[in-house]
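Please read the structure below before turning to the comments.
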Amino acid sequence: MEQNSRVAKLFKAIVVIGVVAWVAITLNTGFYVDENGLLTIYKGIYQGQHMFTDSWESLQTGGFLAWPLLALYYQVLSPLFVSTGINIGLVLYMRIMYMVVRGLIALYLYYTIRKTKFENSAYYAALFYFMFVVTWKNFSYKSYCEMAVMMIICFLIRYYETEKVRYFVLVGVACCVAILGYPTMIILAFFLGAMILFGMYHGQLNAKALIAFVVTCFVIGGAFIIYLQITTGLPQMISELQYLGDQDYEESVIVRLGKILLSYAALAIVAYFPIVVVNLVRKARQFSDYAEGVLLTIYWFAFLAGICLIKWDSVSNSRFVYACIILFFWVPYFLRDREDKTYTRIGAYNNTLSNDKGVLWMMFAISIAAQLIWSVSTNQDISVPGHMAVYGVIALIIIISDEDSELEMLGLTRLIILSAAFFLCFWVAEGNGGYSDITKERWIVTEGELRGIALLPEDYEANQSVYNLVSQYVGEDDYLLVAFGSNSTGYLNSVAQQGTYSVYARTQKNTKLLDFYTLHPEDMADYVLIDQSNTKYEAFREGETGLYILETYTNEIATDGNFVLLGRGDVQ
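Mapping of the sequence shown onto my numbering: residues 1479 to 2050, in sequence order.
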């Protein structure tokens, strides 16, 4: 028995080493449009943009979180990399730091679960979490939020195990990180406050927990407001809040939320179809838990394989998210009380929670709250809020991965982890909202802030053209506007200030940029970089903003490939 245990531990260690090695090998593969966009936003804050005035981007607060990493890179590591010939630019550096942070959180999750009655499941839960990447492997408003919520869950579990109020201070810190990363998550603070009050009502928490959480949030929030007053000025900031966000949504919040909830309802039906069938069969004849586990395992994998095979040429991370939502919906079923048997490990009592199921219900409840919050603010489909089903999936893995439990379904756990590995390192986010596999031909960039990144040939050539133009003709005292900014690497490769209200400025669709230049003429671009092959270019040429730019920036500085760099006609 002891020898078998050693072999199992060795095998688990080999799996971890293999996963980490695979991540390291494929970490430089591909480049996603929104990865470019978010890094550009965060870079602008590092360059000294005043929040909410120099930028009207609603996600810019994440730059406050990214600032230390950007400062370390630009002040210390970038000169070191260049002088020593290490082929690492900003993008690859931030990816490395993201996976390091994710690995540390996974280790803390492992430690946290090991301290509970679910210790046998800690390995699988932590391994899955490490491999579950939110769209792309880099810091973003999504990943900041997702990692912060994971830490909140860990701190709450630690409190239930130790009854030490300091963990609610840490919950407050993590909640503020989530809010800075994704401002809509301020709703989570109220949810957590309500959850604490609920625990107080049932005698599971005392007033110190609420005080610690609320005071921490107010202290950090107050410090951030002071920062805004010093750097931007609250009156000026408040006057320009009206310009934040995307004004081009074609549907109202209610309509978008309604569509997402209908999608959840449809997936709930898919999730509970085999469960309903099993329970109907049980009314007529015996159907063992083991047989049920086998059926659900096959059903889940068939669902995932089916939705991938429907459009194999466009498989994306969203397919895995749909499958994770199925697992999320199964959590209440596995946590239900049974008539003739209880969970050996889940049913035990401790001093701070009615039973150990409460920890899993807490994870499930936070997952619901996070998904609802993301559903309110997204303009995309269920695959965006569905990422926050990850906590429900972890709860399910904890339930079914305990070898001492009657509910053990390690076959399903292993399939989940294998699927996560596939979407982590085989299919990578690429281009303008697409995905591709790692086997495609790619060329490694050797110049600019994408150094070390392996791009598809057409993306490599576009990036090289952009780098040539902005590095030769645009200086650090200049202001640069990149038309269709998130679709090219102009801002990342340039040392110039950003002459726009957002990297996502829709110069082909609205006149918001003109409003920005009217209010902030000091931020008006000296140069404009235009990709003439972009599908939005014709609409840009015909729109009011595009016409203004083409009439104002009449001095053609240089061209490279499909890109042209224009200067203002009134500046010689």
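For glycine and all other residues, C-beta sits at the position ideal for the given N, C-alpha and C.
Is the beta carbon of residue j closer than 7 angstroms to that of residue i?
{"i": "residue 1931", "j": "residue 1570", "result": "yes"}
{"i": "residue 1799", "j": "residue 1870", "result": "no"}
{"i": "residue 1644", "j": "residue 1590", "result": "no"}
{"i": "residue 1627", "j": "residue 1848", "result": "yes"}
{"i": "residue 1964", "j": "residue 1511", "result": "yes"}
{"i": "residue 1887", "j": "residue 1710", "result": "no"}
{"i": "residue 1609", "j": "residue 1874", "result": "no"}
{"i": "residue 2023", "j": "residue 1985", "result": "yes"}
{"i": "residue 1851", "j": "residue 1662", "result": "yes"}
{"i": "residue 1660", "j": "residue 1623", "result": "yes"}
{"i": "residue 1878", "j": "residue 1811", "result": "no"}
{"i": "residue 2038", "j": "residue 1941", "result": "no"}
{"i": "residue 1992", "j": "residue 1983", "result": "no"}
{"i": "residue 1775", "j": "residue 1890", "result": "yes"}
{"i": "residue 1719", "j": "residue 1539", "result": "no"}
{"i": "residue 1957", "j": "residue 1898", "result": "no"}
{"i": "residue 1927", "j": "residue 1568", "result": "yes"}
{"i": "residue 1735", "j": "residue 1561", "result": "no"}
{"i": "residue 1516", "j": "residue 1618", "result": "yes"}
If we count the other Cβ atoms within 10 Å of its Cβ and call it buried at 16 or more, is residue i buried or exposed?
{"i": "residue 1795", "result": "buried"}
{"i": "residue 1917", "result": "exposed"}
{"i": "residue 1535", "result": "buried"}
{"i": "residue 1999", "result": "exposed"}
{"i": "residue 1834", "result": "buried"}
{"i": "residue 1708", "result": "exposed"}
{"i": "residue 1681", "result": "exposed"}
{"i": "residue 1620", "result": "buried"}
{"i": "residue 1948", "result": "buried"}
{"i": "residue 2012", "result": "buried"}
{"i": "residue 1633", "result": "buried"}
{"i": "residue 1768", "result": "exposed"}
{"i": "residue 1976", "result": "buried"}
{"i": "residue 1914", "result": "buried"}
Just confirm the distance between the C-beta atoms of residue i and residue j, as a whole number of angstroms; I'd bet it's less than 8 angstroms.
{"i": "residue 1607", "j": "residue 1895", "result": "About 10 angstroms separates the two Cβ atoms, so there is no contact after all."}
{"i": "residue 2027", "j": "residue 2006", "result": "6 angstroms"}
{"i": "residue 1943", "j": "residue 2040", "result": "7 angstroms"}
{"i": "residue 1813", "j": "residue 1839", "result": "7 angstroms"}
{"i": "residue 1781", "j": "residue 1756", "result": "So it is not a contact: roughly 16 angstroms between Cβ atoms."}
{"i": "residue 1649", "j": "residue 1670", "result": "7 angstroms"}
Excluding five sequence neighbours on each side, which residues of the same chain lie with their C-beta closer than 8 angstroms to the C-beta of residue i?
{"i": "residue 1953", "result": "1973 and 1974"}
{"i": "residue 1786", "result": "1793 and 1797"}
{"i": "residue 1867", "result": "1799, 1802, 1803, 1805, 1806, 1845 and 1849"}
{"i": "residue 2019", "result": "2025 and 2028"}
{"i": "residue 1951", "result": "2005, 2035, 2036 and 2043"}
Is any beta-carbon of chain B found at less than 7 angstroms from that of residue i?
{"i": "residue 1542", "result": "The structure shown contains no chain B; it is built from a single protein chain."}
If you draw a straight line from the C-alpha of residue i to the C-alpha of residue j, how long is it?
{"i": "residue 1908", "j": "residue 1783", "result": "21 angstroms"}
{"i": "residue 1721", "j": "residue 1594", "result": "48 angstroms"}
{"i": "residue 1509", "j": "residue 1716", "result": "35 angstroms"}
{"i": "residue 1828", "j": "residue 1668", "result": "The pLDDT assigned to residue 1828 is 41, lower than 50, so where the model puts this residue is not dependable; a value taken from the coordinates is nonetheless given after this. Each residue's Cα considered, the two are about 27 angstroms apart."}
{"i": "residue 1966", "j": "residue 1766", "result": "56 angstroms"}
{"i": "residue 1532", "j": "residue 1978", "result": "8 angstroms"}
{"i": "residue 1600", "j": "residue 1694", "result": "29 angstroms"}
{"i": "residue 1824", "j": "residue 1654", "result": "At residue 1824, the pLDDT of 37 sits below 50, so the modelled position is not reliable and the matter cannot be decided from this model."}
{"i": "residue 1836", "j": "residue 1679", "result": "15 angstroms"}
{"i": "residue 1638", "j": "residue 1690", "result": "15 angstroms"}
{"i": "residue 1830", "j": "residue 1598", "result": "Caution applies to residue 1830, whose pLDDT of 40 falls short of 50 and renders its modelled position unreliable; the value that the coordinates give is listed next. For residue 1830 and residue 1598, the distance between alpha carbons rounds to 21 angstroms."}
{"i": "residue 1549", "j": "residue 1520", "result": "11 angstroms"}
{"i": "residue 2030", "j": "residue 1980", "result": "20 angstroms"}
{"i": "residue 1860", "j": "residue 1746", "result": "13 angstroms"}
{"i": "residue 1773", "j": "residue 1759", "result": "13 angstroms"}
{"i": "residue 1687", "j": "residue 1664", "result": "19 angstroms"}
{"i": "residue 1651", "j": "residue 1629", "result": "10 angstroms"}
{"i": "residue 1935", "j": "residue 1744", "result": "40 angstroms"}
{"i": "residue 1492", "j": "residue 1486", "result": "10 angstroms"}
{"i": "residue 1484", "j": "residue 1581", "result": "24 angstroms"}
Residues in the same chain with beta-carbon distance under 7 angstroms from residue i, minus the five sequence neighbours each way, listed in chain order, please.
{"i": "residue 1577", "result": "1501, 1505 and 1615"}
{"i": "residue 1514", "result": "1964, 1967 and 1970"}
{"i": "residue 1960", "result": "1966, 1968, 1969 and 2007"}
{"i": "residue 1547", "result": "1572 and 1575"}
{"i": "residue 1507", "result": "1906, 1916, 1920 and 1932"}
{"i": "residue 1677", "result": "1683"}
{"i": "residue 1712", "result": "1706"}
{"i": "residue 1490", "result": "1601"}
Within its chain, find whatever has a CB closer than 6 angstroms to the CB of residue i; leave out the 5 residues flanking it on each side and keep chain order.
{"i": "residue 1495", "result": "none"}
{"i": "residue 1625", "result": "1583"}
{"i": "residue 1876", "result": "1596, 1599 and 1603"}
{"i": "residue 1864", "result": "1799 and 1803"}
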